[in-house]
Amino acid sequence: MADGTDLGYFGPNSAPWAVHGSLPTIVGGVRALLMQALHPGALAGVMQHSRYETDAFGRLAGTTQWLTVVTFGDQAAADRECARVRGLHRKVTGSDETAQGPTPYAASDPELPRWVHVAFTDSFLATHQVWGGPIPGGPDAYVREWAKAGELVGVVDPPRTVAELRQQIADYGPDLRGDANSAKTVDFIRNIPFPLAARAPYALLFAGAVSTMPPEHRALLRLPTVPLTVTKPAIAALLGTLSLTLGPASPSQRSAQARVARLEGESADPTPV
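Laid out in structure tokens, this is it:
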């Protein structure tokens with residue numbers, strides 16, 4: 007992150023820096039995984055082509071790497087990371103069993119990366135609005151700016167306002183379902199094999215993620231209704247403790263800030279004659 011020749015696609019004053027550089031992304035990531043499980047095509051790709059059961063942390067690290075590099079890296083690094091993801095998507099094809107029989111899917115189908123994009127965007131925004139600070143330009147700015155990340159991995163016409171985001175999620179309604187595959191995935195997400203000391207805090211983060219989901223999505227996944235009035239103060243306290251331990255910025259964000267400072271210093275210095 008400290009290397010590079012530009013500010014990246016976003017920069018330190020952008021909405022994505024504010025949202026993705028804050029601790030509520032931990033909750034948002036759990037929520038995004040749950041939301042992704044609602045779409046049978048997206049879920050089939052995960053179950054049949056990823057290592058989420060045998061190497062859960064490796065898969066999570068891969069997703070986190072993409073989010074971090076695209077948000078905080080320079081444009082060349084972001085382009086390389088998105089090319090890696092598109093290359094993985096080209097290999098993901100198969101069929102999903104439905105009531106109508108086997109239904110083919112491909113991760114390169116524009117509707118699948120669009121669902122993943124809107125699920126992630128909605129999740130990070132929703133959790134930040136509950137537990138995060140101000141967003142430069144407001145929620146619409148976050149959706150509009152982060153649309154670029156969707157385009158970089160092949161999403162066609164990503165939403166650019168909160169209203170468009172809500173509408174695109176609603177448009178997927180007939181395609182979303184809860185079934186044996188989604189139940190298996192939810193159970194795995196709920197019980198990720200963290201070390202013993204981390205399991206109670208993670209259970210709280212999971213409950214917080216569920217509490218921010220729309221009721222119709224919780225119902226499809228058979229998730230219990232967890233009042234936000236309960237999870238909001240508890241998670242705020244947990245994130246506050248983590249902030250004291252980890253500091254106000256992640257290592258990636260600090261490296262990106264160093265790159266920005268270096269570039270600003272270079273632009274301020276006159277070129278020697």
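Residue numbering for the sequence shown follows my numbering, beginning at 7 and increasing consecutively. We put the CB at the ideal spot given by N, CA and C, even for glycine. Since we're looking at a predicted model, the values are computed, not measured.
- When the beta-carbon positions are compared, Val124 and Ile175 come within less than 7 Å of each other.
- Assigned with DSSP and collapsed to three states, Arg196 falls in helix.
- Judged by DSSP in its simplified three-state form, Ala255 adopts coil rather than helix or strand.
- With 16 or more neighbouring CB atoms inside 10 Å of its own CB, Asp80 falls in the buried class.
- Inclusion of Val159 and Cys88 in the CB contact set at 7 Å is warranted, their separation being smaller than that value.
- In the three-state scheme derived from DSSP, where H, G and I count as helix and E and B as strand, Leu131 is classed as helix.
- Between Val25 and Phe126, the gap from beta carbon to beta carbon reaches 7 Å or more.
- The Cβ-Cβ distance between Ser188 and Leu229 does not fall below 7 Å.
- The beta carbon of Gly17 is closer than 8 Å to those of Trp23, Val266 in its chain, skipping five residues each way along the sequence.
- Cα atoms of Pro257 and Ile32: separation of roughly 15 Å, rounded to the nearest angstrom.
- Looking at the backbone, the Cα of Arg268 and that of Ala215 are separated by about 37 Å.
- For Val168, the CB contacts under 8 Å within the same chain, skipping 5 residues up- and downstream, are Leu131, Pro145, Asp146, Val149 in chain order.
- Under the three-state reduction of DSSP output, Met41 falls in the helix class.
- If the five residues before and after Trp121 are omitted, its C-beta is found closer than 7 Å to the C-beta atoms of His45, Ala48, Tyr178, all from its own chain and listed in chain order.
- Here DSSP, grouped into helix, strand and coil, assigns Phe212 to helix.
- Gln173 sits exposed, since fewer than 16 C-beta atoms from the chains shown fall within 10 Å of its C-beta.
- Taking Glu157 as reference, the option from Val76, Leu210, Pro142 with the minimal CA-CA separation is Val76.
- Looking only at Leu13, Leu245, Phe78, Leu40, the smallest Cα-Cα distance to Arg196 is reached by Leu40.
- About 6 Å separates the CB atoms of Trp137 and Ala242; that is less than 8 Å, so the two are in contact.
- For Ala147, the enclosing alpha helix (DSSP H) has its first and last residue at 145-158.
- Distances from the CA of Asn19 to each of Ala50, Ala155, Glu151 were compared; the closest alpha carbon is that of Glu151.
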